[in-house]
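Trainee:
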Amino acid sequence: PHGNDMGLPESTVQHGDLNISWGADNNNGGIANRSVAFASGLTAPEGLSSNGKPITYSFNEDHTELTAKSSDGRVVFTVTLSDQSSGGYVFTLKDNIDHAPNSDSLKLNFGFTATDSDGDTASNTFTVNVVDDQPVIGKPESESVNEDDLPHGNDMGLPESTVQHGDLNISWGADNNNGGIANRSVAFTVAEGQTGLTSDGVAIYYKLSADGTVLTATKGANGAEVFKVTLSDLHSGSYTFELKGNIDHAPSGLNGGSRTLDFGFRATDSDGDSANSNFTVNAIDDSPVANAGSTSTVEDEAVNGGNNESDGLSATAGGSLN
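The opening residue of the sequence shown carries number -14 in this note's numbering; numbering runs sequentially from there.
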């Protein structure tokens, strides 16, 4: 469940043949009975973990069933042996097993002993390959902010927020633990320093938090904040963009010209596998607005040589352009 199956769905229950040739002493049932059991000693792989929690093993009374549990009590997998026909095993995967970062397959080796009906034994091993799951990123949401919604902006419509939220659309897969030793995460992949953007002609710089989840854009290396972007690994991942100052746009002569801001990020699942993507935020330009000026009247009679029929009129008038 919750795995990112990119092909045809397959079962998490797998059956295998132990390929035992019992020989003449092959009675199955009664007092003299052939059997197969997990071998004593090193029976199952050591050093496994699930979501960073160590895995330990327990067996039923006749050692035909192995149960692997994490230290927090989750059953991670079970293996059952059978002495029917040439012997067989059933491996059932119930939870994720931690893999080395970006490794595809983990080989689990199990030792077993076959005992024929008069007590002779032979031992061997079988292997189960557990293929790792990987995070998958769909298309992140794109959002827009309007500079005219900043203080002193020329907002010609309904006011909108300068803080916008978008979904990163991450499918974490089976290795989706969030918290503790093994922890999924999301972080920016953009570089710090100058960006090529400007605010009032001053270069905009990017700074990242220590964990790479917060990007702050400043006016100059240590100036006022122009915008801030914060990432979250909750649910399918998200970002919050907060516009705090204006970004220079190419002159368009039109109110509403847009500049697209692109942000790269990396999603890493709880056993270290990662996927990269990017999202965009459109910063829509604000422009000056020329409101209607006040109306003034000029009498041409006030000009020298004019037929001035009333006293006190001036040829100079004043008005506001707002």
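By construction, the Cβ of each residue, glycine as well, lies at the ideal position given by its N, Cα and C atoms.
Quick one: using the 10 Å Cβ neighbour count with 16 as the cut-off for buried, is residue 203 buried or exposed?
Mentor: buried
Trainee: What did DSSP end up calling residue 145 once you bin it into helix, strand or coil?
Mentor: coil
Trainee: Please give the ranges of any beta strand (DSSP E) in the region 237 to 265, keeping only runs that are unbroken, at least 3 residues long and fully inside the region.
Mentor: Correct list: 243 to 253.
Trainee: Where does residue 227 fall in DSSP's three states?
Mentor: strand
Trainee: Can residue 40 and residue 21 be called in contact, C-beta distance under 7 angstroms?
Mentor: No, Cβ-Cβ distance for residue 40 and residue 21 is not below 7 angstroms.
Trainee: Contact defined as beta carbons within less than 8 angstroms: I believe residue 265 pairs with residue 245. What is the distance between those atoms, to the nearest angstrom?
Mentor: 5 angstroms
Trainee: Taking the straight line between their C-alpha atoms, what separation do you get for residue 18 and residue 101?
Mentor: The alpha-carbon atoms of residue 18 and residue 101 are separated by roughly 7 angstroms.
Trainee: So, residue 172 versus residue 36, is the Cβ gap smaller than 7 angstroms?
Mentor: Between residue 172 and residue 36, the C-beta spacing is not below 7 angstroms.
Trainee: How many Å lie between residue 23 and residue 163 at the Cα?
Mentor: 35 angstroms
Trainee: Sorted by chain position, which residues of the same chain lie with C-beta nearer than 7 angstroms to residue 77's C-beta, five sequence neighbours on each side aside?
Mentor: -3, -2, 62, 63
Trainee: Considering only residues of the same chain and omitting the five flanking positions on each side of residue 180, which have a CB-CB separation below 8 angstroms?
Mentor: For residue 180, the CB contacts under 8 angstroms within the same chain, skipping 5 residues up- and downstream, are 188, 189, 190, 191, 202 in chain order.
Trainee: Provide the residue(s) that pair with residue 50 in DSSP beta bridges, ordered along the chain.
Mentor: 65
Trainee: Under 7 angstroms between the Cβ atoms of residue 82 and residue 33?
Mentor: yes
Trainee: Using 7 angstroms as the threshold, is the C-beta distance between residue 116 and residue 0 below it?
Mentor: no
Trainee: Which residues bound the beta strand (DSSP E) around residue 25?
Mentor: Where residue 25 is concerned, there is no enclosing beta strand (DSSP E), given that its DSSP letter is neither H nor E.
Trainee: At the level of alpha carbons, what is the spacing between residue 226 and residue 57?
Mentor: 37 angstroms
Trainee: Excluding the five sequence neighbours on either side, which residues of its own chain have a C-beta within less than 8 angstroms of the C-beta of residue 310, listed in chain order?
Mentor: A question about residue 310 goes unanswered here, because the residues of the chain that appear run from -14 up to 307.
Trainee: If you drop the 5 nearest sequence neighbours on each side, which residues of the same chain put their C-beta closer than 8 angstroms to that of residue 67?
Mentor: 21, 49, 73, 74, 75
Trainee: With which residues is residue 2 paired in a DSSP beta bridge?
Mentor: Partner(s): 73.
Trainee: Is residue -4 helix, strand or coil when you go by DSSP?
Mentor: coil
Trainee: Just checking my contact of residue 156 with residue 267 at CB under 8 angstroms: how many whole Å lie between their CB atoms?
Mentor: Not really, about 25 angstroms apart at Cβ, beyond 8 angstroms.
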